[in-house]
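Asks:
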Amino acid sequence: MSLVTLNEILPQARAEGRAVCAFNVVNCESAKAALLAAERENQPVIIQVFQRLFGDDKARYVGALVRDMAAHTSVPVVLHLDHGQSIEQIIQAIRYGFTSVMLDGSKLPFAENVEVTRQAVHLAHTAGLSIEAEIGHIPTTATAELPLSTPEEAAEFVAATGVDALAVAIGTAHGFYKQTPVIHTDLARRIADAVGIPLVLHGGSDTPDQKVREAIACGFAKLNIATEFFQVYLEEVIRQSELRAGAFLPIDLFMNPVTEAMSQLAASKIRLASGR
Ligand SMILES: [Zn+2]
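Structure follows, in structure tokens:
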């Protein structure tokens, strides 16, 4: 199946009270694991590449890899730039054949975030891509303070920019939590009521399943998973290394169980997001 944009899958997901998983990928194995899980669960999937990988040639060749894999996959696939930091990265993503981008201006003052996001929306939509933006800034778990978004600023931001999906801060954070997070589902409900577009849950990793279900019921239609997905990769590499006890194995064979372990985790997240 050829690649699609967020607009072909997220509005329907939101209307049906489910979410589509977005997995960060960095190489062949992580991309294959996410696509394999989506096919096994027969659900659409978002493959996203973090903005740091646009700093060298990784985003280009990972993008090419995912485009080829998606063409041989039976479910809809979105190829998305995660946390784009500049207009230049949006242009790079368009050149690399991505079908969706995120412009993250959440660290900027509100008016500047609106301005740069409007420019990015114009570029993305002109090129036929969908676009996600962020307000309220979703921090890493290392940050003590978790600033929250408000329904009023969310509505104003969406009206002023024309974005297709919006990441808002309701208490989740990127990375593993040091203590159980407080997820403000009441706030999520009010933000979803204020904006008609699909909302995006960043920091989906390590967030309790019940909290994820509640957020999805409120209108969060994109569930981002990176940390847990990568952690399975690292743990399985260590486990396989110990099993081999130093014996040689070609890398493709060594990586097969690693890909399978990541795919199992991805499938469990897809079932959670799709309410099964
Ligand atoms: Zn994020």
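In this text, residue positions in the sequence shown follow the numbering used here: the first is 59, and each later residue adds one. Where a beta carbon is used, it is the ideal one built from N, C-alpha and C, also for glycine.
#1: Answer yes or no: do residue 318 and residue 91 have a C-beta to C-beta separation smaller than 9 Å?
#2: Output needed for residue 272: all residues of its chain with C-beta closer than 8 Å, excluding positions within five of it in sequence on either side, in chain order.
#3: Below 8 Å CB to CB, which residues in the same chain sit around residue 62 once its five sequence neighbours on both sides are set aside?
#4: Is there at least one non-hydrogen atom of ligand 1 closer than 8 Å to the beta-carbon of residue 264?
#5: Using the rule of at least 16 other Cβ atoms within 10 Å of the residue's Cβ for burial, across every protein chain shown, is residue 72 buried or exposed?
#6: Any chance the CB of residue 141 is under 8 Å from a heavy atom of ligand 3?
#7: Measuring only the C-alpha atoms, how far is residue 65 from residue 290?
#8: Could you give the DSSP three-state label for residue 189: helix, strand or coil?
#9: Could you check the C-alpha separation between residue 266 and residue 329 for me, to the nearest Å?
#10: Suppose you measure from the CA of residue 298 to the CA of residue 334; what does that come to, to the nearest Å?
#11: For the region 215-257, which segments carrying the alpha helix (DSSP H) assignment without a break, of at least 4 residues, lie completely within its bounds, in sequence order?
#12: Apart from the five residues just before and just after residue 196, which ones in its own chain have a Cβ nearer than 7 Å to its Cβ?
#13: Helix, strand or coil for residue 79? Go by DSSP, reduced to three states.
#14: So residue 325 packs on residue 99, CB below 8 Å; how close in whole Å?
#15: Out of curiosity, what's the CA-to-CA distance linking residue 79 and residue 251?
#16: Taking the alpha-carbon of residue 175 as reference, which of 321, 221 and 305 has the nearest alpha-carbon?
#17: For residue 163, verify whether its CB is less than 8 Å away from any heavy atom of ligand 1.
#18: If you count every other CB in all the chains shown that lies within 10 Å of the CB of residue 268, and 16 or more means buried, which is it?
#19: Taking residue 110 and residue 154 to be in contact with their CB atoms under 8 Å, please state how far apart those CB atoms are, rounded to whole angstroms.
Replies: Put simply:
#1: yes
#2: 241, 243 and 246
#3: 102, 134, 135, 136 and 157
#4: no
#5: buried
#6: No copy of ligand 3 appears in this structure; the ligands present are ligand 1.
#7: 30 Å
#8: strand
#9: 14 Å
#10: 31 Å
#11: 243-252
#12: 225, 227, 230, 231, 232, 260 and 261
#13: strand
#14: 6 Å
#15: 22 Å
#16: 221
#17: no
#18: exposed
#19: No, residue 110 and residue 154 are not in contact; Cβ-Cβ is about 15 Å, not under 8 Å.
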